[in-house]
Each structure stands twice: as C-alpha cells, then as structure tokens.
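Participant:
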Amino acid sequence: LSGGDTPQAAVDDARCLLPPIGCGQPLTANDLTDQETAREWHLSGLCPPCFSRAAGEGSDA
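Letter by letter, the sequence shown follows residues 0 to 60 of the numbering used here.
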C-alpha cells in the first residue's frame, strides 16, 4: 500500500510518506504546530495536509 515506504522511514527522514500515500515533502517544526499533530505524524508518517486528506477532513468531494 505504501509503495515500500514506512512511517518510521518518513519520520527518520523528517518527511511525509512517499506518493501515492503521502506527498514526500520534507517537514519542519513549523509544520507540526502542536503535540497532537506531531503525534499523528510520528504514528502515520503523514504530514498534516496528507493526514487530513486521508482522514477525510476538509475535502470538497
């Protein structure tokens, strides 16, 4: 499902999961605005926008 990428690899590399699951973009401390957001990234490997998309939050569809 993740194209061979793992949440741990994404966290180790300070980035989002690689496509097609995530966007693969690097993350900074500014991207993780609170403890909940940081915890979600550590567990899922998804940056906040990708996590929201995967969770179905804020979609126009």
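Backbone N, C-alpha and C fix where the C-beta goes; we use that ideal spot for every residue, glycine too.
Measure the alpha-carbon distance for L45 versus L16 and round it to whole angstroms.
Facilitator: L45 and L16: Cα-Cα distance of roughly 6 Å.
Participant: Between which two residues does the alpha helix (DSSP H) harbouring T36 extend?
Facilitator: Here the alpha helix (DSSP H) through T36 covers Q34 to S43.
Participant: In terms of alpha-carbon separation, which member of P48, C22 and P19 lies closest to L31?
Facilitator: Nearest C-alpha to L31: P48.
Participant: Considering only the beta carbon of each residue, do H41 and P6 sit closer than 9 Å?
Facilitator: In this structure, P6 lies closer than 9 Å to H41 by Cβ.
Participant: Roughly how many angstroms separate the alpha carbons of I20 and D33, rounded to a whole number?
Facilitator: Distance between the alpha carbons of I20 and D33: 23 Å.
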